[in-house]
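The block underneath contains the structure these notes are about, expressed in structure tokens.
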Amino acid sequence: MRNIATCYSEHAVRVSDSYCSGPLNKSYVSPNSIPAVQSAVSQTFKANIDAEKRLLVTVTWCNKLICQGFFLKLSRTNHPTTTGSHHRQMGKPKGSRRVGFEENGPANVQVCWDLSSARFESGPEPLGSFYIVILLADSQTALFLGDMEDNPNVRNLVSGYDIRTLSLVSQYEHFNGQGSNPISTRVRFGGSGSEHEIMIKCGPEEDGPRSPVLSISIDEKRVVRVKRLQWNFRGNQLKDIT
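Set out below in structure tokens:
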């Protein structure tokens with residue numbers, strides 16, 4: 000099985016994969032093309048604990064064929080080397096667990112979650128009816144992710160804690176499938192504003208060259224077109240999409 004990974008930020012989109020290579024005079028299309036399926040989504044959030052402390056929370060959602068539940072990683076950004084825990088798997092639909100920032104450090108963070116009624120579509124990321132609560136014992140701060148703020152269990156968990164907002168700073172999506180199938184996702188640049196649709200396609204163009212071409216479109220407007228993929232490439236392009 001071949002796969003393609005997409006990684007984007009507010010100003011750049013980068014994609015590379017060896018299967019984009021092919022002969023100049025030959026179209027690179029598999030007769031049994033496998034539709035691209037989203038297999039994992041990794042989101043990194045930032046929380047301001049106080050004027051000096053920042054916390055990064057990375058949540059990775061995987062489909063059921065890869066794992067059950069989700070993975071969680073916590074990192075302090077006020078440390079000179081940005082210390083952080085390893086990815087810890089929360090494998091049950093509902094539960095709680097104590098974790099620490101260091102692998103062998105004190106377990107001073109409590110994570111509580113409930114995915115038992117979560118709504119999903121085609122991807123591994125839940126769309127609603129779930130919550131993840133992160134309680135920081137040393138600062139009496141609570142971080143909340145989900146849409147069940149009024150759930151009695153959530154209100155009881157965060158009682159007496161100062162609730163802080165989680166701001167999305169980056170997102171990574173992994174797809175399985177053939178490169179000739181378009182891959183699309185929706186995102187808000189900078190964490191605010193309206194959603195944009197990003198589509199990535201690697202393959203021959205209908206009215207263009209027979210050799211494979213990588214194209215990236217935002218809101219159905221092509222912003223990046225990379226030719227001669229058989230040469231292998233490294234680079235970047237900056238486009239204004241406003």
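Residue numbering for the sequence shown is 0 to 241, as defined by numbering that gives the first Met the number 0.
Glycine included, each C-beta is placed from N, C-alpha and C at the ideal position.
What you are looking at is a predicted structure, and each value in this text was computed from that prediction instead of being measured.
Other residues of its chain near residue i: CB distance less than 6 Å, five sequence neighbours each side excluded
i    : result
R96  : V110
T57  : T43 and K72
M198 : P181, S183 and S216
N62  : S38 and P123
R154 : none
S115 : P92 and K93
K226 : V212
D113 : K93 and Y130
A117 : P125, S128 and F129
W230 : none
C-beta neighbour in chain D for residue i, strict 7 Å
i    : result
E194 : Absent here is chain D; the protein component of the structure consists of one chain.
N-terminal and C-terminal residue of the alpha helix (DSSP H) that residue i is part of
i    : result
L156 : P151 to V157
Supposed contact pair residue j and residue i - C-beta distance, whole angstroms, cut 8 Å
i    : j    : result
G68  : G90  : 4 Å
R187 : E196 : Incorrect: roughly 11 Å between the Cβ atoms, too far for contact.
L144 : L165 : 6 Å
Residue i - partner residues in DSSP beta bridges
i    : result
W60  : V40 and F69
G127 : R118
T140 : L135 and D161
G202 : V212
R233 : According to DSSP, R233 bridges with nothing at all.
H195 : V186
Contact set for residue i: own chain, Cβ-Cβ below 7 Å, skip 5 residues either direction
i    : result
K200 : P181 and S214
E120 : L126
N107 : G99, A136 and D137
T140 : I48, Y160, D161 and R163
N150 : Y130
Boundaries of the beta strand (DSSP E) in which residue i is found, first to last residue
i    : result
M147 : Looking at the DSSP string, M147 is not in any beta strand (DSSP E), and its letter there is neither H nor E.
H173 : S166 to N175
R185 : I182 to V186
G94  : K93 to V98
D113 : V108 to D113
R306 : Here the chain comprises residues numbered 0 to 241, so residue 306 is not present and cannot be evaluated.
Neighbourhood of residue i by C-beta, 8 Å cutoff - its chain only, sequence neighbours within 5 removed
i    : result
V168 : T43, F44, K45, L55 and G190
C66  : Q88 and G90
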